[in-house]
Structure formats: C-alpha cells, structure tokens
Amino acid sequence: MIEKLQTLWPEITLFIAACAVMIVGLSGTRSIRALCTPICGLALLIATFLSLGGLGGVDITVTGPLPVLASYGKAMVGVIGVILLLLIPGVVDREFDAAPGGPGEAPQPPRAFEAIRSNTAEFHAFFLFSLMGLMLCAGADDLIWLFLALELTSLPTYVMVTISTARNRSLEAGVKYFFLGALGAAIFLYGFALIYGGTGSTNLEAVHASIVAQADAGGINSITMAGFVMAIIGLCFKIAAVPMHFYTPDVYQGAAAPVAAFLAFVPKSAGFFAIMLLTATLGWSFGASGTELPGPVHSALYIIAVLTMTVGNVLAILQNSIKRILAYSSIAHSGYMLVGIIAGPGGGGGADSTLSRNGLSAVWFYLVCYGVMNVGAFAVVASLERRRADGTHDEIDSVADLRGLCASRPLLGWTMVISAAGLLGLPPLLGFFGKLPLFTSGVGAGHYLLVIILGINSAIAAYYYLRLAAAPLLESRDPAESVGGEIVESPYRLRTAAGLISAVGVVALALGLGGPLGSAATSVGQSGFAPSYVGRRAADRSPAVIPAAAHTVDDEPRDVEPAADGSVDGATIESDGGPPDARFDHAR
Amino acid sequence: MHGCLTSCGVLPGALNLPMPPLAATEVGSYAPVLLLIIMAITFAVANVVLSRIFGPRREGNIKATTYESGMDPVGTARKRFNVRFYLIAMIFLVFDIEIIFLYPWAATFPNIDHSTDQAMIWLARIFFFMLTTVIAYIYGYRKGVFKFD
Amino acid sequence: MNLALLIAIPLVFAFAVALSRPAQARLLATIGTLLPVALYIVQALGFPWLRGETDFYNTDAIDLFPSLGVRLSLNADTVSMLLIGLTVLLGPICVIGSYTAVQDRLKTYYGWLLVLQAAMTGVFAARDAVLFFVFFEFTLVPMYILISLYGSTNRKAAATKFFLYTFTGSVIMLAGLAYIAWVSATRTGEWSFDLTTLTVASSEYLSNREQAWVFGALMLGFAVKVPLFPLHTWLPLAHTEAPTAGSVILAGVLLKLGTYGMYKFVLPMCPEAALAYAPLVAVVSIIGILYAGLICWVQTDVKKLVAYSSVSHLGFCVLGLFSMTSIGLTGSLLYMINHGLSTGALFLLIGMMYERYHTRSMKELGGLAARMPVWATFMVFFVMSSVGLPGLNGFVSELYCLLGTFQAGDEWAHHPTRAGLGGPLGPWFAAVAAVGMIVGAMYLLYMVGKVVWGPLVEPHGHGAHAHGHRHSAGAPASAPSDAHAHLPADLTPREIGILLPLAALCIFLGVYPRPVLKALEGPTQQMVESLHMHTRGSLQTPWPVGAPPPPRPAHTAPAATDPHDVPANQHPADEPPAAPASGGAGAGSAQEAGH
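Residue numbers (the numbering used here), protein chains in the order written: chain A, 884 to 1471; chain B, 118 to 266; chain C, 96 to 690.
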C-alpha cells in the first residue's frame, strides 16, 4: 500500500497546492492573491517532475493495465496543465483586479475586495482538483478508483463553467453540462456495476483475469459485456463522442475561452484514459483475426468512432462561431483517437511494439498533440476581447472577428494560423505527426475502412480549419464591421504567452524535438496485460463474442507469416490453448 | 479489492486486522449498544426536564409556533432563504463527514501493532485528513461564512 | 547536402523576406531563386547523368521522428534531378515575371513563392515516403495563399477547391503508404518509410488484391494532382483564378508531382496492379485528352483554354507512363519537362497580355500581332511547341508517349518472363490518343488565329489613342485607374529575358533531345526490367483486353539484376500453382495468387 502511495506524490502535491490557493486566494491584498497562479504553476511542475519518477526515472515495474500511463499520463497532464494555467488569470474576479487597460488607456479602478464575492481561490483550487482527478485516472487500477477519479475530474469543471463569466449563458452552459454529465456518470457507473457483477471484482487486474477465464471457458458472460459497453457509452460524455456529444458546442460557447480550452483537454483526456484502461482490461484478443476487442465492444467503438468523426466534422462546417467550430472539431478529434483504441496495442515485440503500430500509444501521443494545438487556438480567442461602447468586455466569437489578425497582431494571428493548420493535420506540423500513428496503427490492425474514413474526415476538416487559418492570414478587416465594439487585446498577456508556447510547440515538436515524446508514447501503450495473450485464435471464443458486425472491408485475413521468422502472430497461435499466464493465476 | 478507499486508509478491511467475530452470541457483546441507547434517552430526557426547570417562560404567539430555522412555517414554500443557511449547511457537512471518518479510524487504531511503521502511517493519515478539515475551516473563516451581520 | 541547400536557400530567403521591408522583397526573392539556379548548374555539371537510376548523393539520413520511422533523407537520381532542374529554373522566372503584376503585399507574395519553391524541390528530392508526403502537402499551403490572395474574382472558392481536392486525395494516398509501411514492418521488424524499403516490400510482399487496393489509394492521390479525367475539375478554376506566377508553377511543376508520384511510387510499388489496371488508366487518360481538348475548343477565356490543355496534355504523359515500356516512360518523363516549359511560357505570355489589357476573353481581343509583334512571336512559338510541331520539344515527347503506347504489347510480349502475355496497352490506345494531338492542334491554332492574327480587336479603353497617350506621357500622366500604365505596348526586355531561356530550351530539346533521352534511357530501362520482374500477370484486367493470356508459363528464376537484391522468386516459390485465368473477373474477385 505504501508503494501505491508513492505513485500518488504528484496528486498529493497538487492537493497541497489546492489547499494553499484556497487560502491565499482569499487574501484581501491583491499582490498576495496574485500568488495563486505561480503556486499552481509550481505545483504542476513539481507534479510533472514527480510523475516522471523524480530523479530516479520512470518506474515501469508497476503492474496494471497500462503501467507506464500512470507516469507519462500524469506528466502530460502537468505540462499541458501549465499552459492551460496561463490562460486562467482574468477569468474570474476581474472587478477586483486592477484591470491594467490597453495601451493609452487609464487603468480601471478595482472594486473593494469582498471575500464572499471573490472566486479566485475556488477557481484555482478547482483547476488543480480537476487536474488531480485526471492524474488519478491515469494511475487507476480499480473501477471504484477510476469512477472517483473521473468524478473528481468532472465535478470542478461544472463549477468552473458556471462561474467563468458573469453572463447567463455560462449559467445555462453549466446547468446543461452538469445534468448531462450526471447522466453520463450514471451510465458508466452502472456499467462499472455490471462489470463487477459479471466478474466479481472491481480490481482491473482481477477483472482481466476473470475475463480471460471466462473467454477460455467458452465466452465472456453477457453481463460483463453489457457492463463494458455501457461504461464506454457513458465515457463518451467525457470524450464528447457521438451519442453523448450534444452538450459540447453549447457548453464550449457558453464558457469563457480558457475554461473551454480546459474542457476540451481535461475531461477528454480523463475519458480516454478510462477507455484505454477498460479496453486494456478486456484485451485485443478476440474477433475473427484474434487481434480485436470483443465483438460488442468493438462494434460499439467502431460505430461511435465513425459517427463521431463524421458528425463532428460535418457540423463544424456549418458553424460561424470560433468556439463552436472548435467544439465540433473536438468531437471529431475524439473520433480520430477512437481509431487508435480500436486498433489496440498490437501483439507486442518487434515492429508491433512501436508507436506506429500501438494504437494506445498513438492515442496518448495524439492527446498530447491535440492538447498543445487546441490550447493555442483557444488562447487566441481568450486573448481577444470586444470592448463595447458601455465599457464592458466580451470574448470575440465569430470567425469574422479574426480577420486581418496576422497584420494587426502578428503573434496572435500566427498562433491561430499555426494551431488551425496543426489541428488540420497539415504536414509538417504536429497534428500530422499525431495523426500518422493513428493511421499506421489502424492499418496495422487491419481496419482499412476505418482509416479511409479517418482520412476523408481529415479532408472534410480542412474546410473549416482553412477558414480559421485564412481569416487571420488572408482576409482583411473592414473597419466598418466593428459594430459590436472595437476588438482589443486582453490585458492578461499570459494568455498570449500560452498561445505562443503552444504555437512554438506545434512547430518544434514536429521538427525534431518530438523524438523523446514519441519514445514516451511508445512505452505508454505497453499494456501490463495485453501482449501475453493477444493473437489467440477466435475459434476458442464463444459465438456470442466472435461476430464483429462492423468489420466490413477486411474479409481476408492478413497473410500470416510462417513462424520461422519469429513473427508474433505465429508464436502466439502456437501458445494457444496453453495455460494462461502465471500472473493471472496469481491474480485470481 | 484494493481500491482507492482502502489505500486512503478509510476502510479498515485492507489490513486484515484482528476484528471481533461478528457472529458473537453472548448478550454481553451487545452491552455497549444498550449503554448507548440508555445514554441517548437520558440525554434527551434530561435536556427536556432541565429546561423545564431552569428555563425562563415567556409565552406568546410566535413562541408557540413550530420552530423552522427562523422561517414562518405557514404560508408559501417559495420563499427566499438567506444564503447563509446554505453556507452553514455546507460547513456542517464538512464537520459531520469528518466525524464519520474519525469514528472508524479511532475504532481500528488501537488494534494496530504499535511497534511497526504501520501505526505511524495510520496516524499520519488521520493527521493529513484533519489538516484538510482545518484548511476547510480556515477557508470558511476567510470567506466570511462565520460572520453574521 | 547540396540538395538540402537547394531547399534551404529559398527557405532562408523566405524568412529574410518576412523580416525585411516590402521594398526589398523583390530583390531578396530574385536572389533567393537565382542562387539555387547557380548551385544547380554546378551540381548538374558534376552529376553522373548516364549512370542510371541509382541515387547519386550519399546523404546521411537524419532521424526526424525515430519512433515513427520517419527520416529526413534527400537524394536524387536522373529523373528527380531533371525535375528539380525544371523547378529551379521556373523559380526566378516566376519571381521576375511578377515584378509588375504584383504590386501589394509584396512580402507575403514573394515569401510564399520562395517557400513553394523549397517545398517543390523537396518533393523531388525526398527519399522517405513521409517526408515526400510532407513536402507534397506543404506545396498546398503557399499555392492556397497565392491563389486566394492574388487571384482574380472567384479566388477564394478556387483556392479552397484546389486545397480540398488535393488534400483528400493525398490523405488516402497516405493510407496506402501506411499500409505498405506496415507490411514492410511486419517483415523487417522495424518501421521505415524509406522509399527503397517500401518499394521492395510492396512489390515483393503484397498479394495481388492488396496491390490492387494500394494501387487505388496511391493513384487517387496522384490522379487528383495530375489531374486525370473525372478529378480534374479543380484545375481550370485554380488556373483561371491564380496569379500568373501561380499558374506557371501550377502547370510547370505542381501537376508534375502527380506524374512523378506515379513514376516513383505507383509503378514500382504496385507493378502487378499497374499492369492489370493500365488499360483502365489509359482509357481515363484518353477520355481526358479528348474531352479536355474539346472543352478547350469552346473556351473563350484564353487562360482557361491553356488550363484545360494541361489536362489534355498530361493525359499523354500518363498514357506514356502506363505503357510501361522504356520508350513510353522516356517520353512521359520528357513530357513532364516539356509541358512545364511550354505551358509555363504560355501562362507567362497570357499574364503579360492580361497586364496590358485586363481581359483574357477571346471576344475582346484579336489581331494582337499588330500591336505586340514580339509578344506574338513568342506566343506562336510556344503554341507550336505545345502543339507538337516537329523540331520543337513537344513533338519529341508526344511521339515517344504514343510510340510507347503503340509498342506496349510487343515489348511486353518479348520479355522472357511474360512470353505471350501481351502488354498493358496497344495500337488501339495509341490510335485513339493520337486524335488528341489533332484536337490539340485545332484548339491552340484556333486560339492563336483569333488572338494573334486576324483583325485587331482591343478592349474598350485600350485603343490606339490610349496607347499613344501612354507612350508619350509615361506613368504619371496616364489614367490613375490603370496600375500598369507604365508598361509599353509590347514586351519589355525583362519580359523577353524570362521568355528567352524557356524558348532556348524548347528549341534545344526539340532539335537535339539526344542527351536527355540518353540520360533517361538507363532509369527507364531499369524501371521496365523491374516491372517485368515483379509482374506475373496473375492479376487480371477486369475486362478482356487484347488476346486472352495463355496459361502462365513455368516461372523461371530471374537474373540477379534485381536492383534491390532481394530474391524475387522467393515470393512465387511458396505460391500455389496459378489458377486458370478467369477472363472478365472483377477487381473484387480478382484471382488471388499466393495469399
């Protein structure tokens, strides 16, 4: 148990920092209140350091469905959390801050501080709590832990959405988000309960052992299967995938841009961590080729992935609001990442063990890429405000508001261009290198139709990303257009910095600095369970599990090499029918 | 099950501590329960009796109404409560939960072998837990929830 | 290293342009494109043109993304060297040709032009499939910006259509490449996108059916770029809307990316499928040749006419490639160069005309020879080159393409491994395609007759009086609405200067094409040999073409001339006896051999 506690140091760091900002943020002195952001940043950096094992390096001896995800998943959260943090100042409590005002503009006098009306402390604390929940998700090895972690990730975000602006649309967004979130949580909690009912344990390792035993004994029982399918459908809420995606555009639009950036990354990552853990618990050893998830889960994920990509991209074309475009694109990106989940980690060993074939690695890698690119796009929205005639501020919303940005504010304009081009997956930017492993892993797993759909969807996405990139770069702003008020840069320059960091990241990580990230991703996907039994022949499985309804194109199994060259397929087929791995006996 | 709860030291089951058998048949093992019931009844009766004896008596219409947290119990239910009530309810919740967690801890702690590190870890855990409560208290204090004006 | 310099110099100058003042942009861009020309000439002198297919430079590849197997490796063989030459040559011509045409946002214009230059050079030099894809896609961005900022009225839609068409095609192409890489990875145990590795893996390990799918995916990407018949609709729009330099580069180099891709990827990677589907591709090309030619005939917009003529001309180019004969391939590769030269020049000429008259409509223009004799001379010259007048460059390549198509059956029939199987194409294809030459002559000569000769027609406001006024008064006195008022009626020395090298090359390649043909002999013959070696004819053309293939002859071990030094017969060896040929089997039910 002590060992377990030692893996939680990053979370504990964040917790301590959250306690600290709750008190610091309520100080009557403005300069002390301003310490909240550095405290959070410091805590996140320390947490990143600790999650990488401190000076000792990443410990990969931990068991679990995805042991290394605990380390690199948390590190990723820490790093992108820092960028997200830069967007946070100014979201709440602007009236108590000395609004510095733009150049040549008198600073607005702040209101007298009232603790009861201030939200700085809570906002920062919730920010850290949510990231802490995300980190806990990465290291979960138990369904109850996973559920609590998911809720810890989500609950603060409901509040953050609601208090992010003083407008009614935030309230509406918060309420929508809360109720639909509760619905999603109820569904996956019910799924977890069914998994417990079907396998007799909540510990993922024991669940896995039980599933292996059931599969060997003639088929996974239907309660377990139903549990996994329900859990995944419930988690679709977190990742904004299709049957549960309806809230996304409204909530993103209603929330302030920094919070929308947060929503696009944190709950999505939590959902993907959870789905990765659950699918790794199931293992990719079913289906006709013996390298798929069990039939129902495979079909469900397949349908969800196709619908999510298509719906997200097609609806994004119709939007005019930047945040709605980014919301629908966030839906679409979830669909892309599900391709990696469906593809699975490959058989392990040789060419199978690299980022190119390992779908789980590809998902983690894409999460990092998506996080970086997405923050950039949202940072631009957060950095621009429309100043109304009556002196109030509001965020820009329409794509038309970006026109001519590269000329008027080159940093912001180029950030938007680079982020949009990156999200589009345009080589040589980061988005392309993120999508490439999804492509190769999908191809490697034999899901050609899915990869083609992924490709066509990337091309559809080009249409609206081009609008986002062309507006600042190619169009010029008509002065007569500024009806709603002049567009000014936000006085909180850290937001511009956040955008700049991510834009630099999008370029630099793609051109040379992505090597370590790629190796980290490669190790993330190494499942603690999967390789030991991937590749069993489907004939051993129960009829209930074999049929993979959505498996359409590849009716011809890939030619299996003779085992002479030591290929994975051959080796594992030989071990078919042998005793299960000793570890599972132990776990049982 | 090695869940989150167990690893946080909240549920005692994880340590396999020597617990008294639940299926004990002697009546004597229920003595504490009986004692608790007697104490509760005594406390309630004593309060009523003592206030009857020592309390001042000022009869009146308002005094005769049912006590409903200072609200008029008769009339529309769609009334605005003072937001302070929510704050107080929250603070109450914090301390209430704290008590709920403290009891099982206190009940388990004596059974731990005090010569090992385990005891220190258990102690550290509850101190950590208490610390969070203290922070919640400080937070509430600075937020001004204890001020009524 | 030198190739890297050819890419790096324009990039560096692009950054310099971005940081400089607008007034210097023009100068920097000129230097940034002329330097590579000088560098290229130095390299070309030392290049072993006659050594054949093998990549020349020994560049150490740098790992760009080790975990994905993506490497930064550049190299050049004869073919890529020729096409790099074309790219490098058109660079300064485009820059100098834009001196007067582009007047605002100079930094953006020249900066992106330089980036485009670098990307195009990179495509031809890349020896890693992902790197190729990166450059291939990155050519879209500058072109998109050039069209949508500096184009004419409908430029946004044209740019978007251009981007989306190409992007869609190439993403599917990427899926095909990923599949090959995966097959290669399962065999070798490590991921690599190296072109040689992929070629070996694809041609050796893929089953017929897999090859057919990969062929489809790759062809889709390249056919959009070429463009082949049903996918060509973006091209006329993009050409019409693009600024002159954009059109020149589009016609001169970007379209060649498609045919180069077919030569470098499709043919060597999917020989079996290419052989089987060559008739299909040929039919599509021929439809493109004739259909686009007929469309040209009814055009009134000169630029659109030339744009459609590109579709028609590149049909010949693809036809030559898919004849899969040495002559056809040579003709096709030569065609890429020639089309770049003559169509590029035609677009330049149209741009010069447009700068003076602000219209491209044949209804408003006529008999310009009277007004601009020098321009008319060049126009007629390049039209003749494009039509294929013997003695000029177009003739040689067109003849070779058609000859290759004609001989395809013969040449393949005489190859030892495929005795009696027949080639992909044959005389009928050549005969029908040859009609396209006549159509080409018709529309181009018709256009010349209308615009250059005949009675003088000038748009309103550009009459003799206006010209006289301009000549005498110079720029300040002329109508302020005319931004290019300082241009004289006929070509300036600058304009003649950029046309002359193109004209000289046209004459050189027309009169004495032998050096280039000689240089291309090696690569094309090696390609054909490799094609022969890797095709067994077991994948049937979906419909009967020519004589039905006889039962497969006993497989003889090929000579050890395989460039990849991989035993090519290993594959057929573990394959079951060939199934009897099933005539008319569809693509989906194509006979499976070995897998």
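Backbone N, C-alpha and C fix where the C-beta goes; we use that ideal spot for every residue, glycine too.
- Relative to the Cα of Ala103/C, the nearest Cα in the group Pro131/C, Pro117/C, Thr125/C, Arg116/C belongs to Pro131/C.
- Under the DSSP assignment, Val165/C falls in the beta strand (DSSP E) whose first and last residues are 165 to 167.
- Note that the C-beta distance between Val1282/A and Leu1351/A is below 8 Å.
- For Lys957/A against Gly1022/A, the beta-carbon gap comes to about 7 Å, under 8 Å, which counts as contact.
- By the beta-carbon neighbour count (other beta carbons within 10 angstroms, threshold 16), Lys264/B is exposed.
- Its chain contains Ile1106, Ala1109, Gly1110 as the residues whose beta carbon lies nearer than 6 Å to that of Leu1077/A, once the 5 sequence neighbours on both sides are disregarded; these appear in chain order.
- Judged by DSSP in its simplified three-state form, Arg1269/A adopts strand.
- Going by beta carbons, Val1189/A and Leu1014/A fall outside the 8 Å limit.
- For Thr1040/A and Phe1062/A, the gap between their C-alpha atoms comes out near 13 Å.
- For Thr1323/A, a Cβ of chain C is located within less than 8 Å of the residue's own Cβ.
- The beta carbon of Ile966/A sits closer than 7 Å to those of Val1258, Ala1381, Ile1384, Ser1385, all from its chain and outside the five residues before and after it, given in chain order.
- With respect to the 8 Å criterion, Leu211/C and Pro237/C are classified as neighbours on the basis of their beta carbons.
- Contact annotation: in the stretch 180 to 214 of chain B, no residue has its CB less than 8 Å from a CB in chain A.
- Residues of chain A with a Cβ closer than 9 Å to the Cβ of Thr249/B are, in chain order, Phe898, Cys902.
- Listed as beta-bridge partners of Asp223/C by DSSP are Asp289/C.
- Under the 8 Å criterion on CB atoms, Gly164/C is classed as interfacial with respect to chain A.
- Contact holds between the stretch 307 to 320 of chain C and the stretch 263 to 274 of chain C, because three or more Cβ pairs, one in each stretch, are under 8 Å apart.
- For His334/C, the enclosing alpha helix (DSSP H) stretches over residues 329 to 336.
- Using a Cβ distance threshold of 8 Å, Leu1221/A and Cys1289/A do not count as a contacting pair.
- Ile158/B does not reach chain A, its nearest Cβ partner there being about 39 Å away, counting only Cβ pairs nearer than 9 Å.
- DSSP places His1007/A within a helical segment (H, G or I) once states are collapsed to three.
- Excluding its 5 nearest sequence neighbours in each direction, Glu1372/A has C-beta neighbours in its own chain below 8 Å: Gly985, Ser1266, Leu1267, Glu1268, Arg1292, Leu1295, Thr1379, listed in chain order.
- Taking the C-beta atoms as reference points, Val1112/A is found no nearer than 8 Å to Val1197/A.
- For the pair Val266/C and Ile971/A, the Cα-to-Cα distance works out to about 37 Å.
- Exclusion of the five residues before and after Gln620/C leaves Ser421 as the residues of its chain whose Cβ lies within less than 7 Å of its Cβ.
- With fewer than 16 neighbouring CB atoms inside 10 Å of its own CB, Val166/B falls in the exposed class.
- Using a Cβ-Cβ cut-off of 8 Å, Ser1402/A is close to Pro161, Ser162 of chain C, given in chain order.
- By the criterion of at least three beta-carbon pairs nearer than 8 Å, the stretch 1309 to 1323 of chain A is in contact with the stretch 232 to 250 of chain C.
- Using a CB distance below 9 Å, the part of the stretch 1299 to 1316 of chain A facing chain C consists of Ala1304, Leu1307, Gly1308, Leu1309, Pro1310, Pro1311, Phe1315, Phe1316, ordered along the chain.
- Contact between the stretch 206 to 220 of chain C and the stretch 280 to 291 of chain C is absent, with fewer than three C-beta pairs closer than 8 Å.
- Listed in chain order, the alpha helix (DSSP H) elements of length 4 or more contained wholly in the stretch 407 to 493 of chain C are 421 to 452, 468 to 482.
- Residue-level contact by beta carbon fails for Ile217/B and chain A, as no gap is shorter than 8 Å.
- Under the 8 Å criterion on CB atoms, Val225/C is classed as interfacial with respect to chain A.
- By the Cβ criterion, the stretch 1201 to 1209 of chain A is in contact with the stretch 1119 to 1137 of chain A, since at least three pairs of Cβ atoms, one from each stretch, lie closer than 8 Å.
- At the C-beta level, Gly1227/A and Thr1191/A stay beyond 8 Å of one another.
- Any Cβ of chain C closer than 8 Å to the Cβ of Tyr1130/A would place that residue at the interface, and such an atom is absent.
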